[in-house]
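Q:
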Amino acid sequence: MHILITGAAGFIGSALAWRLLERGERVTGLDNLNDYYDVRLKEARLARTRRQGFDFIKGDITDREAMARLFAAQRFDAVVHLAAQAGVRHSIEQPLAYIEANITGFAHVLEGCRHSRVGHLVYASSSSVYGSNGRLPFSEHDNVDHPVSLYAATKKANELMAHCYAHLYRLPCTGLRFFTVYGPWGRPDMALFKFARGILAGEALPVFNHGKMARDFTYVDDIVEGVIRVVDRPAAPDPKWSAQDPDSASSSAPWRIYNIGNHRRVELMHYIRTLEACLGKKAVLDMQPMQAGDVAASEADTAELQAATGFKPATPVEVGIRRFVDWYREYYK
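Note that our numbering has the sequence shown beginning at 16, numbered continuously upward.
(1) Determine, using beta-carbon pairs with one atom in the stretch 296 to 308 and one in the stretch 184 to 200, whether at least three such pairs fall under 8 Å.
(2) Is the distance from the Cβ of V242 to the Cβ of L31 below 8 Å?
(3) Got a sec? Which residues, its chain only, sit under 8 Å from S141 by beta carbon, not counting five neighbours each side?
(4) Based on the DSSP output, what are the partners of W349 in its beta bridges?
(5) Could you give the first and the last residue of the continuous alpha helix (DSSP H) run that contains M176?
(6) What do you get for S29, buried or exposed, if any count of 16 or more other CB atoms within 10 angstroms of its CB means buried?
(7) For Y347, does the count of other Cβ atoms within 10 angstroms reach 16, so buried, or fall short, so exposed?
(8) Given that a residue counts as buried once 16 or more other Cβ atoms are within 10 Å of its Cβ, and exposed if not, what is T43?
(9) Would you call the CB atoms of N224 and A307 closer than 8 Å?
(10) Could you give the distance in angstroms between the alpha-carbon of F210 and the alpha-carbon of Y145?
(11) Could you have a look at V42 and say whether DSSP puts it in helix, strand or coil?
(12) Going straight from the alpha carbon of N49 to that of Y138, what length do you get?
(13) What residue from T289, A318, G295 and L294 has the CA that sits closest to P331's CA?
(14) State the start and end residues of the unbroken beta strand (DSSP E) segment that holds L136.
(15) What whole-angstrom Cβ distance do H96 and V124 have, given they're in contact under 8 Å?
(16) Among V334, I336, D260 and T119, which residue has its Cα nearest to the Cα of H156?
(17) Confirm, please, whether the CB-CB distance from A229 to P187 is below 8 Å.
(18) Measure the alpha-carbon distance for I27 versus S257 and round it to whole angstroms.
(19) For W33, which of helix, strand or coil comes out of DSSP?
(20) DSSP has G350 in a bridge; who is on the other side?
(21) Can you find the residues in the same chain that come closer than 8 Å, C-beta to C-beta, to G68, ignoring five residues on each side of it along the sequence?
(22) For I214, which three-state DSSP category applies?
(23) Buried or exposed, going by whether 16 or more other CB atoms sit within 10 Å of the CB of K296?
(24) Note the first and the last residue of the continuous beta strand (DSSP E) segment covering L151.
(25) Tell me, to the nearest whole angstrom, how far the beta carbon of L398 is from that of V94; I am working on the premise that it is less than 8 Å.
(26) Does DSSP classify P221 as helix, strand or coil?
(27) Locate the beta strand (DSSP E) running through I72, then write down its first and last residues.
(28) Quick one: using the 10 Å Cβ neighbour count with 16 as the cut-off for buried, is S313 buried or exposed?
(29) Could you give the distance in angstroms between the alpha-carbon of H130 and the alpha-carbon of D247?
(30) Less than 8 Å separating the beta-carbons of I214 and L320?
(31) If I follow the unbroken beta strand (DSSP E) through F193, where does it start and stop?
(32) Return the CA-CA distance between N158 and I272, expressed in angstroms with no decimal places.
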């Protein structure tokens, strides 16, 4: 297949490109290489991905004309849309950046897929869409109408936009709600990266909600495996879907939503203690109250993903954090 990956220099995008190239696919990667975090890390990810079968295009999904030219010039069997303005906390300070990248940019991807008749659009949603929902584990069948950050709201909007294109133009669309991804080559703005850097530097780590947090930490290789399994199975209309009793995870259109998480709630303090053990150094903790836009706990119900693809993420944090630390020490010497 010829697959377009947007956000190909990103954490998940580069790992996905690597795996798809390994199995012999042709991959075109798109990324604007912005400076939201260290561009050198993005370039290093690209450097390890460059090989036969991989083409890289520096471009921005918010550039309407450039996106139209890309889809007019090339034919893609599938598109995996991972490019976005990420980060819950950053969305509180810079909300308009999220509207531009996550709403306008996604519209350009949808239009490109529509006009070039792409066989399957797979796009990144987020566990943050569950917002104020307090029932765990989070299920795709739960209501997600109460986001607590603009980032989450843009991801919910992506799901709704994709449904419209699936319904109106019969474009197969699958949304994947990722749960707290971590691992080698990760993002410096995420907790594990910040904690490792802080512990090694002897700096105090800000720990929100006084440490009373839990997350469904999902190892990047499990995320990538889930994405590939889904790419191979284009969304189809659900024959059991009923307009009288609508299911929020499927549709009469070729549109589906899946969680990709580890189906395990891990206490934040256990996560930190595991990192301490791998680094061989204790952390200095700065206990702080809950941050705006955050939630106390997350956990994925992955039954739908397993039923559809036969895959269930299972890498424990003890294994995933050790792999991250090994990479971190090697990369940063």
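The beta-carbon is built from N, C-alpha and C at its ideal position, and this holds for glycine as well.
A: In brief:
(1) no
(2) yes
(3) Y166, A167, K170, R192 and F193
(4) With the chain covering 16 to 348 only, the question about residue 349 has no answer from this structure.
(5) L165 to Y184
(6) buried
(7) exposed
(8) buried
(9) no
(10) 25 Å
(11) strand
(12) 20 Å
(13) T289
(14) L136 to S141
(15) 5 Å
(16) D260
(17) no
(18) 35 Å
(19) helix
(20) Outside the modelled stretch of the chain, which goes from 16 to 348, sits residue 350, for which no answer is possible.
(21) L36, G39, E40, R41 and V42
(22) helix
(23) exposed
(24) Segment: none, L151 is in no beta strand (DSSP E) and carries neither H nor E.
(25) Limits of the chain in this structure are 16 at one end and 348 at the other, which puts residue 398 out of reach.
(26) strand
(27) F69 to K73
(28) buried
(29) 21 Å
(30) no
(31) C188 to F193
(32) 13 Å
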